[in-house]
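Participant: Below: one structure in structure tokens.
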Amino acid sequence: MEALTLVAVALALLHLGFPLAYYAYLKARWLRRPWSIRRDPSYRPRVTVIVPTYNEAKLIESKLDNLARQDYPRELLEVVIVDSASADGTPERVEGWARRNPGLVLKLIREPVRRGKAFALNMALKYAGGEVVVVTDADATWSSGSTLSEALSWFSDPSVGAVTCLKLPAGSGAGGIEGAYRSFYNVVRLAESKAHSTPVFHGELAAFRRTLLEELGGFPTDVGADDSHTATRVALKGYRAIAVDSAWCVERVPPRGYHSWRVRRAQHLVQHFTAILKHLWHVPRELYKILLVEVYLHLFNPWILVAATAILLYLMFNPSTVALALIVLGTTLLAFKPYRTWIMTQLYLVIASIRNLWTRELAWRKQAKC
Ligand code: GDD
Ligand code: MN
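Here's what the structure looks like:
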């Protein structure tokens, strides 16, 4: 085999082997460890749940129904809807719902112009009286009536600064948790959380200690992944930012425009991890390892796949039968879903990094989700 072929093979092995090794390490070392957090299951802080909305008329009422089904004590719960100039009657639906459900403390804030989700959240923060602030997307469902109680009980330990849920794949019925529990991403989120903190949070349920949000000056308006970035900043302050397996969320996936949706979210993650680079000094050891790996996985690893493929394509036309065989192998493997999903994710990240050069998508196009 030529030297260049060897280089390509080595790069491909690094690309696939590194995340697998990280997964294996997390699973063996952290996943089954007990939490080094003292949780009081009966702890119920005052909470403000913020739902940002932009053209969510179709979903907002079922979202509010889902919130109203939470078993959280009513006197400790307030909901703030912050709407940014929706044109589809979202605020009117909220007002109608509030009239029919007077038992829930609900505030509606209307921004006259849309500036993006983070601006809206910062506006809502001014009205938040809770000790903990929970942000949840209008298109997200909490899987059980105790999701909020479960998530917030972790704040009984003063070292916890932020909590997020794990994600159930949409459409998974009973028993869905079993399958989702073992999925690559949920294992990584949970094990990172046990080691210290996870740098990827979910907009379906992102809870923060309010004093920490205030110290950070609110949510970042220059980084798209407001939830993940805020959680990581909380962790960098020395607090734990954790995903817990007692809180599960379901997210609606847009039936149309799926690829541009994935690219935009990848753009936000790339922005987040790029912004984290400048904070990597004086970080607790376990957190440092996690951040270093995740920065590598999001910003650099996808490009290693691009490099390996480019070399093999070049050799294939030169011509090299070994290169041709490897390209055929790599393409054939796309028939297997986990591999295909992985490769697609890498492509989204690559396209995202390029697209970030001219647009950051901080006030993104609304995608129909039902
Ligand atoms: N008030 C307000 N103003 N809300 C907004 C705006 C805005 O300009 N833009 C979006 N939202 C609301 C949506 O109505 C929804 O409730 C929530 O923010 C998330 O927006 P989606 O359109 O559902 O986007 P997503 O599911 O792809 O968003 C995910 O990724 C984002 C980062 O890329 C979620 O995890 C978000 O929380 C996350 O910010
Ligand atoms: Mn969404």
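Here the sequence shown is numbered in this note's numbering, starting from 20 and rising by one per residue. Just so you know, even glycine gets a beta-carbon here, dropped at the ideal spot from N, CA and C.
1. From which residue to which residue does the alpha helix (DSSP H) around V113 run?
2. Look at T109 and T160 and say whether their C-beta atoms are less than 7 Å apart.
3. Rounded C-beta distance between E305 and A214? I'm assuming under 8 Å.
4. What is the rounded straight-line gap between the Cα of R393 and the Cα of S103?
5. Runs of 4 residues minimum, wholly inside the region 333-386: which ones carry the alpha helix (DSSP H) assignment?
6. Going by C-alpha to C-alpha distance, which of N320, E270, L86, F227 sits closest to L144?
7. Thinking S212 and A262 are a contact (beta carbons under 8 Å), I'd like their distance in whole angstroms, please.
8. Between which two residues does the alpha helix (DSSP H) containing V207 stretch?
9. Please say whether L255 and F292 have beta carbons closer to each other than 7 Å?
10. With DSSP as the reference, identify every bridge partner of R230, one or two as the case may be.
11. I need the residues with a C-beta less than 6 Å from some heavy atom of the ligand MN; please give them in chain order.
12. In the DSSP assignment, find the unbroken alpha helix (DSSP H) run with S81 in it and report its ends.
13. Assuming V207 and Y367 are in contact, meaning their beta carbons sit under 8 Å apart, how far apart are those beta carbons, in whole angstroms?
14. For K186, count neighbouring C-beta atoms within 10 Å of its own C-beta (all shown protein chains included) and say buried if the count is 16 or more, exposed if not.
15. Pairing CB atoms from the region 224-240 with CB atoms from the region 108-128, are three or more of them under 8 Å?
16. Is R133 close to the ligand GDD? I mean its beta-carbon at under 6 Å from any heavy atom of the ligand.
17. Exposed or buried, P92, counting other C-beta atoms within 10 Å across all chains shown (16 or more means buried)?
18. Sort I128, P64, F138 by Cα distance to L381 and report the nearest one.
19. Could you give the DSSP three-state label for E270: helix, strand or coil?
Facilitator: On the basis of the data shown:
1. 109-119
2. no
3. 5 Å
4. The requested residue 393 is not part of the displayed model; the chain covers only 20 to 389.
5. Every unbroken stretch of the alpha helix (DSSP H) spanning 4 or more residues and falling wholly within the region 333-386 is given here in chain order: 340-351, 356-374.
6. F227
7. 5 Å
8. 203-214
9. Between F292 and L255, the C-beta spacing is not below 7 Å.
10. Checking the sequence shown, residue 230 turns out to be Thr, not Arg. Under DSSP, T230 shares a beta bridge with no residue.
11. After applying the 6 Å Cβ criterion, the set is D156, D158, E270.
12. 76-87
13. In fact, because the Cβ distance is near 17 Å, the residues do not count as touching under 8 Å.
14. In summary, K186 is buried, with 16 or more beta-carbon neighbours lying within 10 Å of its beta-carbon over all protein chains present.
15. At 8 Å Cβ cutoff, the stretches do not touch.
16. yes
17. exposed
18. F138
19. The answer is strand: DSSP assigns E270 an E or B state.
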